[in-house]
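So in numbering that gives the first Met the number 0, the last one in the sequence shown is 991, and the numbering has no gaps at all. Working notes for the structure below.
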Amino acid sequence: MNLSTSPSVIKAHDISRFQFRDTPFVKLMNKRIYNVLFIASQYDMFILEDDGRVDEQIFNEYTSLNLRYPPRFTQVSTAGQAMEELRANRYELIICMPNMDNHEIFAQAKVIKHKFPYIPIVLLTPFSKSVTRVLEREDVSGMDYVFSWLGNADLLLAIIKLIEDSMNVESDVKTVGVQTIMLVEDSVRFYSSALPLLYKYVLNESKEFSKEALNDHLRMMRMRGRPKILLARNYEEAVSLYKKYGDNMLGVISDISFSREGKKDKLAGRVLGEWIRKKNKYIPIIYASSESENREYAALVDAKFIDKNSKTFPQDFHKAVKDNLGFGDFIIIAPKSKEEIFRIKNLKELQLNIRQIPDDSLYYHLSRNHFSRFFYTRAMFPVAEMLKKIDVSAYAKMDDARELIYQAIVEYRRMKNTGVVAVFEKDRFDKYSNFARIGDGSLGGKGRGLAFIGHIVKTHLELNSYENFPVTTPKTVVLCTDIFDEFMEANRLYEIALSPRPDEDILKHFLAAKLPKRLVSDFLVFFDAISTPIAIRSSSMLEDSQYQPFAGIYSTYMIPYVNDKYEMVRLLSNAVKAVYASVFYKDSKAYMTATQNLIDQEKMAIVLQEVVGGEYGNLFYPAVSGVARSINYYPIGNEKTEDGIVNMAMGLGKYIMDGYQGLRFSPLHPKNILQLSSLDTALRDTQTQFYALDLESMSKDFTIDDSFNLQKIRIQQAGTNSPLRYVCSTYDPDDQIIRDGFYEGGRKVVSFANMLKHDTLPLAETLDKVLKVGQQEMGRPVEIEFAVNIKSQQEAEFFVLQIRPIVDNKEVVNEDLENIDKSETVLYSRNALGNGISTDVSDVVYVKTKHFSAANNPAIAREIEKVNIRFSEADKNYVLVGPGRWGSSDPWLGIPVKWAHISQARVIVESGLENYRIEPSQGTHFFQNLTSFGVGYFTINSFSQQDGFFDEDFLDSQPAVYETDFIRHVCFDQPLPIKISGKKKIGVVLKP
Numbered sequence: 000m001n002l003s004t005s006p007s008v009i010k011a012h013d014i015s016r017f018q019f020r021d022t023p024f025v026k027l028m029n030k031r032i033y034n035v036l037f038i039a040s041q042y043d044m045f046i047l048e049d050d051g052r053v054d055e056q057i058f059n060e061y062t063s064l065n066l067r068y069p070p071r072f073t074q075v076s077t078a079g080q081a082m083e084e085l086r087a088n089r090y091e092l093i094i095c096m097p098n099m100d101n102h103e104i105f106a107q108a109k110v111i112k113h114k115f116p117y118i119p120i121v122l123l124t125p126f127s128k129s130v131t132r133v134l135e136r137e138d139v140s141g142m143d144y145v146f147s148w149l150g151n152a153d154l155l156l157a158i159i160k161l162i163e164d165s166m167n168v169e170s171d172v173k174t175v176g177v178q179t180i181m182l183v184e185d186s187v188r189f190y191s192s193a194l195p196l197l198y199k200y201v202l203n204e205s206k207e208f209s210k211e212a213l214n215d216h217l218r219m220m221r222m223r224g225r226p227k228i229l230l231a232r233n234y235e236e237a238v239s240l241y242k243k244y245g246d247n248m249l250g251v252i253s254d255i256s257f258s259r260e261g262k263k264d265k266l267a268g269r270v271l272g273e274w275i276r277k278k279n280k281y282i283p284i285i286y287a288s289s290e291s292e293n294r295e296y297a298a299l300v301d302a303k304f305i306d307k308n309s310k311t312f313p314q315d316f317h318k319a320v321k322d323n324l325g326f327g328d329f330i331i332i333a334p335k336s337k338e339e340i341f342r343i344k345n346l347k348e349l350q351l352n353i354r355q356i357p358d359d360s361l362y363y364h365l366s367r368n369h370f371s372r373f374f375y376t377r378a379m380f381p382v383a384e385m386l387k388k389i390d391v392s393a394y395a396k397m398d399d400a401r402e403l404i405y406q407a408i409v410e411y412r413r414m415k416n417t418g419v420v421a422v423f424e425k426d427r428f429d430k431y432s433n434f435a436r437i438g439d440g441s442l443g444g445k446g447r448g449l450a451f452i453g454h455i456v457k458t459h460l461e462l463n464s465y466e467n468f469p470v471t472t473p474k475t476v477v478l479c480t481d482i483f484d485e486f487m488e489a490n491r492l493y494e495i496a497l498s499p500r501p502d503e504d505i506l507k508h509f510l511a512a513k514l515p516k517r518l519v520s521d522f523l524v525f526f527d528a529i530s531t532p533i534a535i536r537s538s539s540m541l542e543d544s545q546y547q548p549f550a551g552i553y554s555t556y557m558i559p560y561v562n563d564k565y566e567m568v569r570l571l572s573n574a575v576k577a578v579y580a581s582v583f584y585k586d587s588k589a590y591m592t593a594t595q596n597l598i599d600q601e602k603m604a605i606v607l608q609e610v611v612g613g614e615y616g617n618l619f620y621p622a623v624s625g626v627a628r629s630i631n632y633y634p635i636g637n638e639k640t641e642d643g644i645v646n647m648a649m650g651l652g653k654y655i656m657d658g659y660q661g662l663r664f665s666p667l668h669p670k671n672i673l674q675l676s677s678l679d680t681a682l683r684d685t686q687t688q689f690y691a692l693d694l695e696s697m698s699k700d701f702t703i704d705d706s707f708n709l710q711k712i713r714i715q716q717a718g719t720n721s722p723l724r725y726v727c728s729t730y731d732p733d734d735q736i737i738r739d740g741f742y743e744g745g746r747k748v749v750s751f752a753n754m755l756k757h758d759t760l761p762l763a764e765t766l767d768k769v770l771k772v773g774q775q776e777m778g779r780p781v782e783i784e785f786a787v788n789i790k791s792q793q794e795a796e797f798f799v800l801q802i803r804p805i806v807d808n809k810e811v812v813n814e815d816l817e818n819i820d821k822s823e824t825v826l827y828s829r830n831a832l833g834n835g836i837s838t839d840v841s842d843v844v845y846v847k848t849k850h851f852s853a854a855n856n857p858a859i860a861r862e863i864e865k866v867n868i869r870f871s872e873a874d875k876n877y878v879l880v881g882p883g884r885w886g887s888s889d890p891w892l893g894i895p896v897k898w899a900h901i902s903q904a905r906v907i908v909e910s911g912l913e914n915y916r917i918e919p920s921q922g923t924h925f926f927q928n929l930t931s932f933g934v935g936y937f938t939i940n941s942f943s944q945q946d947g948f949f950d951e952d953f954l955d956s957q958p959a960v961y962e963t964d965f966i967r968h969v970c971f972d973q974p975l976p977i978k979i980s981g982k983k984k985i986g987v988v989l990k991p
């Protein structure tokens, strides 16, 4: 009979339905012991220190175990001094080392405890029979713990950690499910020796496991997730602790003989073990007893037995903890013979070997929670929690359970790798890795932005609310700035780089130089983890910074992916060196000077990033790429400034970055697209070409043109198997209509109608979410670069390639323009497009309104064209004012100029007249040009003071440089300050 696992079980354990959340290690171990007060004589302190300082011993112990926050010790000799110290300073622990002949210490401890009940008090005393008798007689209720000093410095560490664990266990278990180990023992001498052994082992194992973390900071954080150790000194305390933390307990280590119901019970451990076994059939129990005959009781509850009197007790104890509580290697055994099949050291090995585990072994280990224990001891709580809840008996086929574990590991690794800057480790970086750094220097501007967007994607789960449209980031490795420094100095390139040589000569010297040899093996590992072409992007210290607009100054190269890995090394090495060289090109140096930065202080990191897209013949490109901004200074219709704006195209993003015409829309108004508002504009103002990487370009030499191996292809040449079928509409010349979708014949119009109009993919919604989250997290308007890889009509991946704060080249308007006195302005508009301040325009060209007639508009257009030519020749700009719609094809509605006729205008003004009231165009005829060149566009109705103001009388009173029957050109000695507040849509041109 062919058994199959119930669909309900498969669905319940479907990893795609889980969203593993990262463990908030920062919230663990929040209560610490920072200051310890020692009440001891100088002699006792000397004995304790063994000729060394306690502070130093503890510090060395903490350092060796990768622990932070070693406590500071203060020593006083008397209880009186202790009280003074406690009143003056904060302490989290008091340790008393009394002279046992002085019985007053016990009464004094009770007084201190009464005054400071929240501070634990520990009695630390040398061990002897006489001391034991004293302790039996005295009232030790003022002491929280009694420990026996056996000359082992590790005891102090164990005491501190035991008390810290008791302070944090409840919160840490509740927060992330931190595990516990319970030691049940009433012998002061024994737990004083066992606890240091146990802590040393657990801390060392946790230190070892923490190496699986992706960087030093995360290693330190993961140590906080180590198991907490709980000490129970009688039966009732043990039961209470188990009831509270039993669901989060790795195991129990117990004596057989200890106090129960207020008196010594030689079989209390057996009773406890039987009670625990009823609660949990498989929790590990280790009995440690000085009476070997108790071994038989261990067998009754399937427990491990250790003889306390054995000379090899420390080794036996160590082995029992290692073999039973989930530490050490995960040993896969054959259930019947108990023979080892193989062992697993870490998460990656488990992922690689899970499919090799025989069915009976898999069932055995799953049913006994060995897998969850493996994850728990390594502080991998999300996977451990999920696997612990699985009832393996519900699976008819172990392949289903095996696949569940495999997918859980994959998803966990993906989650852990997202949003983290990992240290590049050759033995760990693979296809599930996401972002890693090579080197110890800075990531540079782009690198920082990429790391930040990874963090955003990881923490904002709402970005991934659609299974068919996940938001992610490309696999990335950053060569940090110290690699740049090493390359420049080892090859002695600074003299050449800083010289006024031609760019080609600088590139030639850089390509002849050598990168550090160790990078070759790193590159080979990176190649094994990807299967796409690689983008080699600049990431300088100044690039994408918050206050300097350096984006696009340096080069970005792309190389194809080829099977010959050493050819890939050659291509990648040359691309890295070419990006380094671009720092010192003529234009880069000039830009540095213009922005008052020093070229010799610039540092360059390199971002190696898999290129998003697909392979189409000998070309590689994405279906969609573009740039989105969270603020839009040119809103039209119902759009608002804060709704954001997107400019996207088919193919590589270089098409948009180079200023070519893509599709422009607001993500909140994806159906309101100006370019598609009429047949003429759709055919005239949409994308006609696209960029793609030439996959057969390996033989080409690198040049200063970083697009040397890219092809610019006409949209109509894209094949039927290209992503054009997902993003286009088709023009039907017979019916003079554009039909949404791809149809044979007819011109293809890149409209993205399927996504924006018919919502086959939630592109607009996702862009809106990413922009809003990005602005929220950065605390300022942001710009993102993105690409979309479409797999089918209803399945795609959205990649965020970069995020940066918006930096305008123009000075920002900080004042409230509403408060400006209108008498100080030439122009005032409450409906202005654009943003920023200009202080270099001294000229105004305006259409005279006194005898204006729309019949003269064609003649006015010709006159303005002549004036514009003169401004172009002089390389000057001007303010242009006129009635009606500028650029209207109907001369009765406005002056029918083309963009070339008014290209030097810095501000264009539509001014309505009392007898010529035309619905304003808001610059729609030149929208692409306005946004590309940052031209301001004012709408003013002079007949209504509420809709703006134009002081034509002031201009008429000025002498004219040029005047005709229709237009007038006025030039001022001083510039006319132009101020536009994009957020408030207010614009002014002030009088000089």
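Every residue, glycine too, gets a C-beta built ideally from N, C-alpha and C. None of the values given here were measured: they were computed from a predicted structure.
With 16 as the cutoff for other CB atoms within 10 Å, does Ser837 come out buried or exposed? buried
* Ignore the nearest five residues each way along the sequence and tell me which others in Phe971's own chain have a CB closer than 6 angstroms to its CB. => Correct list, in chain order: Ser841, Pro991.
Notebook entry, point to check: What is the DSSP secondary structure of Asn631, reduced to helix, strand or coil?
Noted result: The answer is coil: DSSP assigns Asn631 none of H, G, I, E or B.
Distance between beta carbons of Thr640 and Gly981, contact taken as under 8 angstroms: The pair is a contact, with the Cβ atoms about 6 angstroms apart (cut-off 8 angstroms).
- prompt: Name the DSSP bridge partner or partners of His668?
  reply: Ser665
Is it right to say Asp767 is buried, meaning 16 or more other beta carbons lie within 10 angstroms of its own, or is it exposed? buried
* With a threshold of 16 other CB atoms inside 10 Å of the CB of Ser464, please say whether the residue is buried or exposed. => exposed
query: Taking Cβ to Cβ, would you say Leu954 is nearer than 8 angstroms to Tyr845?
result: Closer than 8 angstroms, so yes.
Less than 8 angstroms between CB atoms is the rule here; does Ser209 satisfy it with respect to chain B? The chain labelled as chain B is not found in the depicted structure, where only one protein chain is given.
Rounded separation between Gln973 and Gln957 - CA only = 13 angstroms
*Determine the contact status of Gly625 and Gly661, defining contact as a CB-CB distance below 8 angstroms.*
yes
Quick check: the region 437-453 against the region 470-483, are there 3 or more CB pairs under 8 angstroms? Yes, the region 437-453 touches the region 470-483.
Looking at the structure shown, is Asn646 part of a helix, part of a strand, or coil, going by DSSP?
strand
Lys984 versus Ala496 - alpha carbon distance: A direct Cα-Cα distance of roughly 46 angstroms separates Lys984 from Ala496.
Rounded distance between the beta-carbons of Thr376 and Gln326, thought under 8 angstroms = Note that residue 326 is Phe in the sequence shown, not Gln. At roughly 5 angstroms, the Cβ-Cβ gap stays under 8 angstroms, so Phe326 and Thr376 are in contact.
- Use the C-beta contact count for Asn433: other C-beta atoms within 10 angstroms, 16 or more gives buried, fewer gives exposed. buried
Straight-line Cα distance separating Leu571 from Ser538: So the two alpha carbons sit approximately 16 angstroms from each other.
### Task
Give the secondary structure of Asp731 by DSSP, where H, G and I count as helix, E and B as strand, and everything else as coil.
strand
Compute the distance between the beta-carbons of Tyr241 and Arg269, then report whether it is under 8 angstroms. no
- Query: Taking C-alpha atoms, which residue in Arg221, Lys206, Val201, Asp143 lies nearest to Glu171?
  - Reply: Here the sequence assigns Asp to residue 171, which means Glu is not the residue at that position. Of Arg221, Lys206, Val201, Asp143, the residue nearest in Cα terms is Arg221.
Residues near Phe583 by beta carbon distance below 6 angstroms, same chain, minus five either side:
Within the same chain, Cβ atoms closer than 6 angstroms to the Cβ of Phe583 are found at Ala496, Ile505, the five residues on either side in sequence being excluded.
With a 10 Å radius around its C-beta and 16 neighbouring C-beta atoms as the bar for buried, classify Tyr90 as buried or exposed. buried
- prompt: Three or more C-beta pairs closer than 8 angstroms, one from the region 377-389 and one from the region 400-408: is that the case here?
  reply: yes
Indicate the three-state DSSP secondary structure (helix, strand or coil) for Pro313 in the structure shown.
helix
Would you kindly report the start and end of the unbroken beta strand (DSSP E) that includes Glu962? Start and end: 959-962.
Exercise for review: May I ask which residues mark the beginning and end of the beta strand (DSSP E) holding Asp264?
Suggested key: 262-264
Which full runs of the alpha helix (DSSP H) of 4+ residues lie inside the region 396-450, going along the chain?
-> Taking only runs of at least 4 residues, the alpha helix (DSSP H) segments lying wholly in the region 396-450 are 397-416.
### Query
Excluding the five sequence neighbours on either side, which residues of its own chain have a C-beta within less than 7 angstroms of the C-beta of Asp502, listed in chain order?
Closer than 7 angstroms at the Cβ level, and outside the excluded window around Asp502, lie Tyr584, Lys585, Ile703.
Exercise for review: Take every Cβ of the region 257-275, pair it with every Cβ of the region 195-215, and state whether three or more of those distances are shorter than 8 angstroms.
Suggested key: no
Notebook entry, point to check: When the distance is taken between beta carbons, is Phe522 closer than 8 angstroms to Val477?
Noted result: Using a Cβ distance threshold of 8 angstroms, Val477 and Phe522 do not count as a contacting pair.
* Asked: For Ala752, which residues from the same chain have a beta carbon less than 6 angstroms from its beta carbon, with the 5 sequence-adjacent residues on both sides left out?
  -> Ser728, Asp739
*Per-residue DSSP class, three states only, for Pro125*: strand
_Buried or exposed for Ala1017, going by 16 or more other Cβ atoms inside 10 Å?_
Limits of the chain in this structure are 0 at one end and 991 at the other, which puts residue 1017 out of reach.
Query raised in the report: Residue range of the beta strand (DSSP E) that Ile901 falls in?
Result: From DSSP, Ile901 is part of no beta strand (DSSP E); its letter is neither H nor E.
| message | Applying the 10 Å Cβ sphere with the 16-neighbour rule, what's the burial state of Glu786? | response | Looking at the sequence provided, one finds Ala at residue 786 rather than Glu. Ala786 comes out buried.
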